[in-house]
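Numbers -3 to 118, taken from this note's numbering, label the letters of the sequence shown in order.
Remarks on the structure that follows.
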Amino acid sequence: MNIDLGKLLLRLGFGGLMIPHGVSKLQNLLSGSPQFANVFGIGEIPSLILAILSELVCPILVILGIKTRLVSIPVVITMAVAAFVIHGGDPWGKKEMALLYLIGYTAIALVGSGSFAVNKNS
């Protein structure tokens, strides 16, 4: 029971804190003149859409406990890119948040959702 409460806390905490980042990217997309890094060479708009999926849609699914391990993977990838590519040459303070999310979502991907979830232990 305590382990499942811990998993719920991880999901609610990291999921809830990530959503505002996704919302700001969605607002960027809807602004009419979106700008975003083109890290993978697929274009700014497709890269921004992938970031929105990773930082808004996936965290909502994590909070609900729907395919938690699977939907944590895009967030882990996005945070690794943010920490090591986008902020790779920046000082620690610029990459710290991305690293914290990377660690948190990696833990969620490893431990799963627990019993307080739509898909228990997913």
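Here a beta-carbon is modelled for each residue, glycine too, at the ideal position from N, C-alpha and C.
query, result
"Helix, strand or coil at M(-3) [DSSP, three-state]", "coil"
"Residue of I59, S109 and I45 minimising C-alpha distance to I15", "I59"
"Alpha carbon of P30 to alpha carbon of L52, nearest angstrom", "17 Å"
"Own chain, CB closer than 6 Å to R7, minus 5 neighbours either side, in chain order", "V58 and I59"
"Beta-carbon proximity list for V114, same chain, < 8 Å, skipping 5 on both sides", "L60, G61 and I62"
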